[in-house]
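> Quick one: the structure is below, questions incoming.
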Amino acid sequence: MSQELWEAAYKFHGHICPGITVGYRASMLALKLLGLEGKNISSTHTVIVENDVCGVDGVQFVTGCTVGNSGLIIDNQGRQAFNFVSKSGRGIRLALKYPLWGSNYPIELHQKVKTGTASEAEKAEFFSLRNERGQFLYQLSDEELFKVSEIELHLPGKPRLHPIAVCNICGEEVMRPWAVEHENGLACKSHFR
Ligand SMILES: [Zn+2]
Ligand SMILES: [Zn+2]
Numbered sequence: 536m537s538q539e540l541w542e543a544a545y546k547f548h549g550h551i552c553p554g555i556t557v558g559y560r561a562s563m564l565a566l567k568l569l570g571l572e573g574k575n576i577s578s579t580h581t582v583i584v585e586n587d588v589c590g591v592d593g594v595q596f597v598t599g600c601t602v603g604n605s606g607l608i609i610d611n612q613g614r615q616a617f618n619f620v621s622k623s624g625r626g627i628r629l630a631l632k633y634p635l636w637g638s639n640y641p642i643e644l645h646q647k648v649k650t651g652t653a654s655e656a657e658k659a660e661f662f663s664l665r666n667e668r669g670q671f672l673y674q675l676s677d678e679e680l681f682k683v684s685e686i687e688l689h690l691p692g693k694p695r696l697h698p699i700a701v702c703n704i705c706g707e708e709v710m711r712p713w714a715v716e717h718e719n720g721l722a723c724k725s726h727f728r
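Quick note on the numbering used here: the sequence shown kicks off at 536 and runs consecutively.
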């Protein structure tokens with residue numbers, strides 16, 4: 536496995552953690568199983584991720600399927616599972632079968648860090664545990680990490696570009712479905728918050 540690519544992936548994410556490791560490894564394995572290693576699959580496949588956390592960056596980095604090119608759908612089920620589906624509807628689902636963290640202790644630290652209640656020592660401990668767990672998961676085999684199954688999933692096409700209106704308050708362009716009626720014209724929703 537390419538050490539350079541892994542380094543670039545976690546640098547893109549910003550740190551090593553269990554999530555980026557799992558998202559990266561799932562995407563690398565999926566491309567291998569699909570016979571598409573090293574390819575950007577955004578024009579032929581859609582990835583549906585079942586969580587909205589760190590691993591999503593690994594998917595975007597490895598597969599080129601992003602929120603922006605509509606190759607990525609976030610269907611948050613709170614699960615470390617990733618579905619890679621071709622336009623024909625056939626695909627594979629990779630679900631993590633190894634414990635992501637191993638205990639709830641690092642997650643409790645994470646919650647303290649995010650809510651601003653962690654001491655400096657607790658912050659340092661969280662960052663260190665996060666890094667260690669990511670490195671630990673990285674050296675496991677694909678078989679230890681993932682359960683793989685074949686799936687069939689037909690995704691309805693959904694246009695993402697819409698006619699443009701000009702807001703009669705700020706003058707900026709806004710896509711029609713997001714505009715609201717305002718004094719015989721249309722305006723951005725944000726002016727009425
Ligand atoms: Zn992370
Ligand atoms: Zn406006």
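Built from N, CA and C at the ideal position, the CB exists for glycine as well.
The model shown is predicted, which means the values in this text are computed figures rather than measured ones.
Out of Glu687, Pro694, Lys724, Phe671, which has the shortest C-alpha to C-alpha gap to Phe701?
Sequence check: residue 701 is Val here, not Phe. Of Glu687, Pro694, Lys724, Phe671, the residue nearest in Cα terms is Lys724.
> Is any heavy atom of ligand 1 found at a distance shorter than 6 Å from the C-beta of Gly554?
Because some heavy atom of ligand 1 lies under 6 Å away, the Cβ of Gly554 counts as near it: yes.
> Return helix, strand or coil for Lys682, following the three-state DSSP convention.
The answer is strand: DSSP assigns Lys682 an E or B state.
> By a C-beta neighbour count over all protein chains shown, 10 Å radius and 16 as the cutoff for buried, is Val584 buried or exposed?
buried
> Can you name, in chain order, every residue of its own chain whose Cβ lies under 6 Å from the Cβ of Ser684, other than the five neighbours on each side?
Arg628
> For ligand 2, is there any heavy atom lying closer than 6 Å to the beta carbon of Glu707?
yes
> Can you say whether Arg668 is buried or exposed, counting buried as having 16 or more other CB atoms within 10 angstroms of its CB?
With 16 or more Cβ atoms within 10 Å of its Cβ, Arg668 is classed as buried.
> Between Ile686, Val709, Asn586, Thr598, which has its C-alpha nearest Lys574's C-alpha?
Residue Thr598 is the option with its Cα nearest to Lys574.
> Under three-state DSSP, which class holds Ile555?
The three-state reading of DSSP puts Ile555 in helix, counting H, G and I together.
> Assuming Pro641 and Leu675 make a contact with CB atoms under 8 Å, what is their CB distance in whole Å?
Actually they are not in contact, since the Cβ atoms of Pro641 and Leu675 sit about 18 Å apart, beyond 8 Å.
> Return yes when the Cβ of Ile551 is within less than 7 Å of the Cβ of Tyr545, no when it is not.
yes
> Start and end of the alpha helix (DSSP H) containing Asn666?
655-673
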